[in-house]
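Enquirer:
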Amino acid sequence: MPMGIFKKDKLQIINFQSYGSNSRLYVRGRAIEDENIDLDQKGIFNLMKNTWKRFETDEIKNAPLKITFSNGDTVNGATDEDGYYLIDENIAGLQKLANEEGWVTFELSFTNSNLKREIILQNRFPGEMLIPSENAKFGVISDIDDTILHTGVVSSLKWKVILNTMFKRATKRLQLEGTSDFYTKLHQGKTGNEANPIFYVSHSPWNLYRYLELFLKTNNFPKGPILLRSMASFKMRKKSDEKPQKQKEISNLLKSYPDLKFILIGDSGEKDGDIYQEISTLFPGRIKAIYLRSVNHSKRMKRIENLFVDFKDIPFLMVNKTAEAIDHAKKNGFI
């Protein structure tokens, strides 16, 4: 995309917190121009301006990058035509670099000396990847919109969450009552020190990554990878047999951790019920429980009730209030 006429914006790398294992490095992010976005800026005009900047991104295409770990080891990668990068490498001993919660920290940097552009942060951008703790008894995969973040509307594309970013700061967005407390209890597990990993999966675009990251941090949710989708996937016509991006991300998680069982949390207004049922069929014995948040839409609620009427093999709960989910999780020995 064209750069400013009088001034070239500085460059930056945004790392999306991801997940891996002791022998697998799996890192995602994007290289774009720095638009000086202040996520806590007040005023409708500033909020709309910052939203425009998030979606009118100037990506850095085909740029070589380097990851540097705390022990000095390095791994090379590159961005694609949309400025995204995915570095998926088999590397042994990564767990030795993780902290007690399982996070491996590293730095990312541009390696092309011919960019001839100023790079912020002295070309040293922080990154993190989660390796689930050996103490973890299960993982949690959760939707975001209308599951923990109040949007108040049912939409297959969740455009309401995008509209809300134009008029509401991330620090002012409301969580659904008690959800951060519930997720903290799940993260801690029954013993209190299980460090069960939490993965946040949404249909929202990657452009909202930092906005959602700030929302989760402000509302004291357990830190975890946030897995979103590219804007291009909204425009692409799907094949009739192609699975939703959210389902692909969940499948990847279960394949990445074959010895870990999962609790799935979503809402009853979208396709979460269908996706979670299919996941439980594709991965028998891997799902410990399914929680679906009730939404104010009678037809969709009735459809979900019918969908799960004969669902007996896995604990299932339609959640009206978070206290019900907490009580259910205690009775099943999750917390």
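Take 1 as the starting number for the sequence shown in the UniProt record's numbering and just add one per residue.
Glycine included, every Cβ here is placed at the ideal spot set by N, Cα and C.
#1: What's the gap between the Cα of Glu-177 and the Cα of Asp-80?
#2: From Asn-22, Leu-307, Val-27, pick the residue whose C-alpha is nearest to that of Glu-128; which is it?
#3: Under the rule that 16 or more other beta-carbon atoms within 10 Å means buried, what is Val-309, buried or exposed?
#4: Label Val-321 either buried or exposed according to how many other C-beta atoms from any shown protein chain fall within 10 Å of its C-beta, with 16 as the threshold for buried.
#5: How long is the line joining the alpha carbons of Tyr-200 and Gln-17, rounded to whole angstroms?
#6: Does the distance from the C-beta atom of Leu-115 to that of Val-104 stay below 7 Å?
#7: Quick check on the burial criterion: 16 or more other C-beta atoms within 10 angstroms. Buried or exposed for Asn-220?
#8: Give the C-beta separation of Leu-97 and Ser-70 to the nearest angstrom, bearing in mind that I take them to be a contact with Cβ-Cβ under 8 Å.
#9: From Lys-217 to Gln-175, what distance separates their C-alpha atoms?
#10: Mark Pro-222 as exposed unless 16 or more other C-beta atoms lie within 10 angstroms of its C-beta, in which case mark it buried.
#11: Can you check which of these residues, Glu-101, Asp-143, Pro-126, Arg-117, is closest to Gln-245 by C-alpha distance?
#12: Short of 6 Å in beta carbon distance, which residues of its chain neighbour Glu-118, apart from the five on each side in sequence? Order them along the chain.
#13: Going by C-alpha to C-alpha distance, which of Thr-68, Ile-87, Asn-22 sits closest to Arg-30?
#14: Would you report the Cα separation of Asp-259 and Ser-113, rounded to the nearest angstrom?
#15: If you draw a straight line from the C-alpha of Leu-65 to the C-alpha of Lys-331, how long is it?
#16: Any heavy atom of the ligand MN inside 6 Å of the beta-carbon of Glu-101?
#17: With a 10 Å radius around its C-beta and 16 neighbouring C-beta atoms as the bar for buried, classify Met-3 as buried or exposed.
#18: DSSP beta-bridge partners for Phe-125?
#19: When the distance is taken between beta carbons, is Lys-255 closer than 7 Å to Phe-138?
#20: Pick from Asp-313, Ser-294, Lys-312: whose alpha carbon is nearest that of Ile-304?
#21: Cβ of Arg-286 within 7 Å of Cβ of Lys-312?
#22: In or out: Leu-282 buried (at least 16 other Cβ within 10 Å) or exposed?
#23: Taking 8 Å as the limit between beta carbons, can you name the residues of its chain near Tyr-209, skipping five residues before and five after?
#24: Shortest alpha-carbon distance to His-328 belongs to which of Ser-202, Leu-292, Leu-307, Lys-302?
#25: Short check: CB of Gly-102 to CB of Ile-67, under 7 Å?
#26: Report the residue from Thr-74, Thr-147, Val-75, Tyr-85 whose alpha carbon sits nearest the alpha carbon of Glu-59.
#27: CB Phe-125 to CB Leu-108, shorter than 7 Å?
#28: So, for Ile-279: in the same chain, excluding its five sequence neighbours on each side, which residues have a beta-carbon less than 6 Å away from its beta-carbon?
Expert: Reading from the atomic positions:
#1: Counting only the Cα atoms, Asp-80 lies some 40 Å from Glu-177.
#2: Considering only alpha carbons, the answer is Val-27.
#3: Label assigned to Val-309: exposed.
#4: The question names Val, but residue 321 in the sequence shown is Lys. Exposed is the call here.
#5: Whole-angstrom Cα-Cα distance: 10 Å.
#6: Going by C-beta atoms, Leu-115 is not nearer than 7 Å to Val-104.
#7: It is exposed - the Cβ of Asn-220 has fewer than 16 other Cβ atoms within 10 Å.
#8: Indeed they touch by this definition, with Cβ atoms about 6 Å apart.
#9: Cα-Cα distance, rounded: 11 Å.
#10: Under this definition Pro-222 is a buried residue.
#11: The residue with the shortest Cα to Cα distance from Gln-245 is Asp-143.
#12: Closer than 6 Å at Cβ, skipping near neighbours: Lys-10.
#13: Arg-30 has its Cα closest to that of Ile-87, out of Thr-68, Ile-87, Asn-22.
#14: CA-CA distance, Asp-259 to Ser-113, rounds to 44 Å.
#15: The straight-line gap from Cα to Cα measures roughly 48 Å.
#16: Absent from the structure shown: the ligand MN. Ligands present: none.
#17: Only weak support exists for where Met-3 lies, its pLDDT of 46 falling under 50; the value from the coordinates is given anyway. Met-3 comes out exposed.
#18: Per the DSSP secondary-structure output, Phe-125 pairs in a beta bridge with Leu-108.
#19: Lys-255 sits away from Phe-138, with the two beta carbons spaced by 7 Å or more.
#20: In this structure, Ser-294 is the residue among Asp-313, Ser-294, Lys-312 with its C-alpha nearest to the C-alpha of Ile-304.
#21: Between Arg-286 and Lys-312, the gap from beta carbon to beta carbon reaches 7 Å or more.
#22: Leu-282 is exposed by the Cβ-count criterion.
#23: Answer for Tyr-209: Ile-14, Phe-16, Ile-226, Leu-228, listed in chain order.
#24: Nearest to His-328 by C-alpha distance, out of Ser-202, Leu-292, Leu-307, Lys-302, is Leu-292.
#25: Against a cut-off of 7 Å, the Cβ pair of Ile-67 and Gly-102 comes out as no contact.
#26: It is Tyr-85.
#27: Cβ distance < 7 Å, so Phe-125 and Leu-108 count as in contact.
#28: Scanning its chain for C-beta atoms nearer than 6 Å, with the 5 sequence neighbours on each side dropped, one finds around Ile-279 the residues Ile-250, in chain order.
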